[in-house]
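The block underneath contains the structure these notes are about, expressed in structure tokens.
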Amino acid sequence: MSTIHPTAIVADGACLDPSVSVGPYAVIGAQVVIGPGTSVGAHCVIEGRTTIGADNRIAPFASLGGPPQDKKYAGEPTRLVIGQRNTIREFCTFNLGTAQDRGVTRIGDDNWIMAYVHIAHDCVVGDQTILANNATLAGHVQVADQAIIGGLTGVHQFVKVGAHAMAGFASHVTQDVPPFMLVAGNPLALHGLNLEGLRRRGFTAARVAGIKQMHRLLYREGLTLEAACEALAQLPASHPEATSDVALMRDFLGTSTRGIVRARG
Numbered sequence: 000m001s002t003i004h005p006t007a008i009v010a011d012g013a014c015l016d017p018s019v020s021v022g023p024y025a026v027i028g029a030q031v032v033i034g035p036g037t038s039v040g041a042h043c044v045i046e047g048r049t050t051i052g053a054d055n056r057i058a059p060f061a062s063l064g065g066p067p068q069d070k071k072y073a074g075e076p077t078r079l080v081i082g083q084r085n086t087i088r089e090f091c092t093f094n095l096g097t098a099q100d101r102g103v104t105r106i107g108d109d110n111w112i113m114a115y116v117h118i119a120h121d122c123v124v125g126d127q128t129i130l131a132n133n134a135t136l137a138g139h140v141q142v143a144d145q146a147i148i149g150g151l152t153g154v155h156q157f158v159k160v161g162a163h164a165m166a167g168f169a170s171h172v173t174q175d176v177p178p179f180m181l182v183a184g185n186p187l188a189l190h191g192l193n194l195e196g197l198r199r200r201g202f203t204a205a206r207v208a209g210i211k212q213m214h215r216l217l218y219r220e221g222l223t224l225e226a227a228c229e230a231l232a233q234l235p236a237s238h239p240e241a242t243s244d245v246a247l248m249r250d251f252l253g254t255s256t257r258g259i260v261r262a263r264g
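Note that numbering that gives the first Met the number 0 gives residue 255 to position 256 of the sequence shown, counting from 1, and the numbers run on in steps of one.
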């Protein structure tokens, strides 16, 4: 049976699985769908066309599914979609998408999202990411799987952060961050590879060797980006264990729109 505190307000039309729990003074709108096992903390506001999957833990005072902070928004039927097993801590704000982009803000599965994180309209957050306290994603940002955004870090609109990358504390992320890289600062600069993150995720020594070679080609050999991309295409021949990692990097570079971080710290 669902556990809905008597002071909570759940609008007619909201679709909550019977196993959902809702804390005191929470407010849930009429177009909200919440999957099994999810808990909604006290004083949360969940509104708009918001769909939340199974087994999420939403801490008190989160505000999910509010209108985008975009002056062009005119009430279009845009959405917020949250996957499964996410931890969403206190005072987080996730906004609906906009008609000018994909029309949906999307958060994947198994993410660890700390207090006061803001995820703006049309963002796409993958799986198993970590967004530390007060991390702020502007509109249209993409954060790939297992990336880490440090506390008090701001990510400029339309920026892409690649898989397994990390942006350090209080960074000003204005350019795309390639997979596996570690960046920090204001102005933003590269500080090597996210080697600790790769170790924790079980990357073999052979894979890490291939990733280190990608780092050298992009940042240590003095190559133009075009020349580095051509050299990357040849890398699987000498580092076959890293073939999928090279493909990930080449795909990221091929779709970058704001240019990648090139300065070195």
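Backbone N, C-alpha and C fix where the C-beta goes; we use that ideal spot for every residue, glycine too.
None of these values were measured; they are calculated from a predicted model.
Among the residues of its own chain, which have a CB less than 6 Å from the CB of residue i, if the five just before and after it don't count?
| i | result |
| --- | --- |
| VAL31 | ALA13, ILE45 and THR49 |
| ALA16 | Per the sequence shown, residue 16 should be read as Asp rather than Ala. Contacts found: GLY34 and PRO35. |
| HIS190 | LEU181, ALA183 and GLY264 |
| PHE168 | GLY149 and GLY150 |
| THR92 | SER62 and HIS117 |
| PRO235 | THR242 and VAL245 |
| ILE27 | VAL9, ALA13 and ILE45 |
| ALA230 | LEU216 |
Kindly indicate which residue of the options has the alpha-carbon position closest to the one of residue i.
| i | options | result |
| --- | --- | --- |
| THR242 | ALA205, ARG257 and ARG261 | ALA205 |
| PRO59 | ILE87, ASP69 and ARG101 | ILE87 |
| ILE106 | VAL160, ALA166 and GLN83 | GLN83 |
| ALA183 | HIS117, GLY149, HIS155 and THR254 | GLY149 |
| ASP54 | ASP108, LEU252, ALA146 and GLU89 | ASP108 |
| ALA164 | ASN185, ARG200, ALA137 and ILE27 | ARG200 |
| THR37 | ILE57, ALA262 and LEU222 | ILE57 |
| ALA188 | ARG219, LEU194, ARG261 and GLY28 | ARG261 |
| ALA114 | ASP100, ILE129 and LYS71 | ILE129 |
| ALA119 | GLY253, PRO239, THR223 and ASP69 | ASP69 |
Spatial neighbours of residue i within its chain, please: CB distance less than 8 Å, with the 5 preceding and 5 following residues excluded, ordered by chain position.
| i | result |
| --- | --- |
| ILE210 | PHE179, LEU192, LEU197, PHE202, ALA241 and ASP244 |
| GLY258 | GLN174 and ASP175 |
| GLY161 | ALA143, ALA146, ASP175, VAL176, PRO177, PRO178, PHE179, MET180, LEU247, MET248 and PHE251 |
| GLU75 | THR97, ALA98 and GLY102 |
| VAL154 | ALA134, THR135, LEU136, ALA137, VAL140, VAL142, ILE148, VAL160, ALA166 and VAL172 |
Could you please give me the residues that DSSP links to residue i through a beta bridge?
| i | result |
| --- | --- |
| VAL160 | VAL142 and VAL176 |
| CYS14 | VAL32 |
| HIS117 | THR92 and THR135 |
| SER62 | VAL44 and THR92 |
| SER20 | THR2 and SER38 |
| MET165 | ILE147 and LEU181 |
| ALA188 | ALA183 |
| ARG78 | ARG48 and VAL103 |
Where does residue i fall in DSSP's three states?
| i | result |
| --- | --- |
| CYS43 | coil |
| CYS93 | Note that residue 93 is Phe in the sequence shown here, rather than Cys. Correct three-state label for PHE93: strand. |
| VAL245 | helix |
| VAL207 | helix |
| THR86 | strand |
| ARG200 | coil |
| ALA230 | helix |
| GLY153 | strand |
| ARG265 | Here the chain covers residues 0 to 264 and nothing more, so residue 265 does not appear. |
| LEU224 | helix |
Near residue i, which residues of its chain fall below 7 Å by C-beta distance, leaving aside the five closest residues on each side in sequence?
| i | result |
| --- | --- |
| ILE3 | VAL9 and VAL21 |
| TYR24 | THR6, ALA7, ALA41 and HIS42 |
| THR256 | PHE157 |
Thinking residue i and residue j are a contact (beta carbons under 8 Å), I'd like their distance in whole angstroms, please.
| i | j | result |
| --- | --- | --- |
| ILE112 | ASN85 | 7 Å |
| ALA98 | THR77 | 6 Å |
| LEU217 | ALA227 | 5 Å |
| GLN156 | HIS139 | 5 Å |
| THR135 | CYS122 | Going by Cβ atoms, the distance from THR135 to CYS122 rounds to 11 Å, so no, they are not a contact pair. |
| GLY47 | GLY65 | 7 Å |
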